[in-house]
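Participant: Take this structure, written in structure tokens, and hold onto it; I'll ask about it next.
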Amino acid sequence: MTKQQIEKLADLLPPFAAKLYLDMIPEFQEGYVSYVYQTQKEDTQNRRIKQLTKSFARLLDTPSFYVMPLSAQVVRQLLRDEEIACHSLSSVGAIQAFEAAVEDEKEVLQLLRNGSRLALLVLEEANEIVHMDLGILTKGEQKVISPAMLTAIEEHLLAATERNALQLTVTVEQGAARTFYQAHGFHQKADDLVFKPTDGKLICQMVKDLFKA
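Position one of the sequence shown corresponds to residue 7 (our numbering), numbered consecutively onward.
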């Protein structure tokens, strides 16, 4: 699979679809190239490009969210290239958590929005709770964080774990973060305000119960 093939397919798509396509992770880009060009018949290729255009148009109205593993190699590359810059709604110390996860060979997950990497997360199970380190990426044009992002994470957890609650840490001064998570079902653990040793910031735990259907 070559960069030229990806660029060729993007050139044949309408501008809105080309942008969606080029924002996707490489695995998705390569998958669509393979789908279109696995046949040499030009009319079939054109039909498949039209079908892709229709599918991408639907994503504009109804975005698709998906959680999948991210290889340690890619995480290292992102960290090395300083491509992980976190949104203010991210949990405390997210980048450090990703570095530690790679060092300890723990799984790092990526949350995709329309095939584009929106966030990274590390999940750690303890007793009845899953603690989440969440880094929402600021790269790109995503101005508003959708509640659907949290829904996708919760659906992944409900399918993958028997734990009953999801927890993440934010600083108390991140009023917007606390407000956002409280608006979407999280509550602040009572009497759980502590100072973070590294910078003296006051942090708190936000928790949400997970309910299986």
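In this text, a Cβ means the ideal position worked out from N, Cα and C, and glycines have one as well.
Computed from a predicted model, the values in this text were never measured in an experiment.
To the nearest angstrom, how far is it from the Cα of I101 to the Cα of G141?
Facilitator: Using only the alpha carbons, I get a separation of about 7 Å.
Participant: Give the DSSP bridge partners of M138, in chain order.
Facilitator: According to DSSP, M138 bridges with L129.
Participant: Using the Cα positions of L124 and D17, report the straight-line distance between them to the nearest angstrom.
Facilitator: In a straight line, the C-alpha of L124 is about 24 Å away from that of D17.
Participant: Terminal residues of the continuous beta strand (DSSP E) containing Q116?
Facilitator: V114 to R119 is the span of the beta strand (DSSP E), which, as asked, contains Q116.
Participant: Using a threshold of 8 Å, state whether the C-beta atoms of L158 and Y72 are closer than that.
Facilitator: A small fix is needed here, since residue 158 is Ala in this sequence, not Leu. Cβ distance < 8 Å, so A158 and Y72 count as in contact.
Participant: Pull up the DSSP beta-bridge partners for Q194, would you.
Facilitator: BP columns for Q194 point to M212.
Participant: Would you mind reading off the limits of the beta strand (DSSP E) that contains V98?
Facilitator: No beta strand (DSSP E) holds V98; DSSP gives it neither H nor E.
Participant: Please state whether DSSP places P20 in a helix, a strand or coil.
Facilitator: The answer is coil: DSSP assigns P20 none of H, G, I, E or B.
Participant: Tell me where the beta strand (DSSP E) around P75 begins and ends.
Facilitator: Note, P75: beta strand (DSSP E), F71 to L76.
Participant: With a 10 Å radius around its C-beta and 16 neighbouring C-beta atoms as the bar for buried, classify G121 as buried or exposed.
Facilitator: Per the 10 Å Cβ criterion, buried.
Participant: Taking the beta carbon of T68 as the centre, do at least 16 other beta carbons fall within 10 Å, making it buried, or is it exposed?
Facilitator: That one is exposed.
Participant: Given that a residue counts as buried once 16 or more other Cβ atoms are within 10 Å of its Cβ, and exposed if not, what is G99?
Facilitator: Answer is buried; the Cβ neighbour count reaches 16.
Participant: Which residues mark the beginning and the end of the alpha helix (DSSP H) in which M30 is found?
Facilitator: No alpha helix (DSSP H) contains M30, which DSSP labels as neither H nor E.
Participant: If distances are taken between C-alpha atoms only, which option among F34, Q194 and Q116 comes closest to A171?
Facilitator: A171 has its Cα closest to that of Q194, out of F34, Q194 and Q116.
Participant: Output needed for L95: all residues of its chain with C-beta closer than 6 Å, excluding positions within five of it in sequence on either side, in chain order.
Facilitator: Once the five neighbours on either side are set aside, the close Cβ partners of L95 are I142, I151, A183 and F186.
Participant: For my contact list, S61 and L174 are in at a C-beta cut-off of 8 Å; report their separation, rounded to the angstrom.
Facilitator: With 8 Å as the limit, S61 and L174 do not qualify as a contact, their Cβ atoms being about 33 Å apart.
Participant: Alpha carbon to alpha carbon, how far is Y41 from Q10?
Facilitator: Looking at the two C-alpha atoms, the distance is approximately 16 Å.
Participant: Would you kindly work out how many angstroms separate the C-alpha atoms of L216 and E160, rounded to a whole number?
Facilitator: L216 and E160: Cα-Cα distance of roughly 7 Å.
Participant: Would you list the one or two residues that DSSP bridges to R123?
Facilitator: In DSSP, R123 forms a bridge with L118.
Participant: Exposed or buried, which one is D87 when buried takes at least 16 other CB atoms within 10 Å?
Facilitator: With fewer than 16 Cβ atoms within 10 Å of its Cβ, D87 is classed as exposed.
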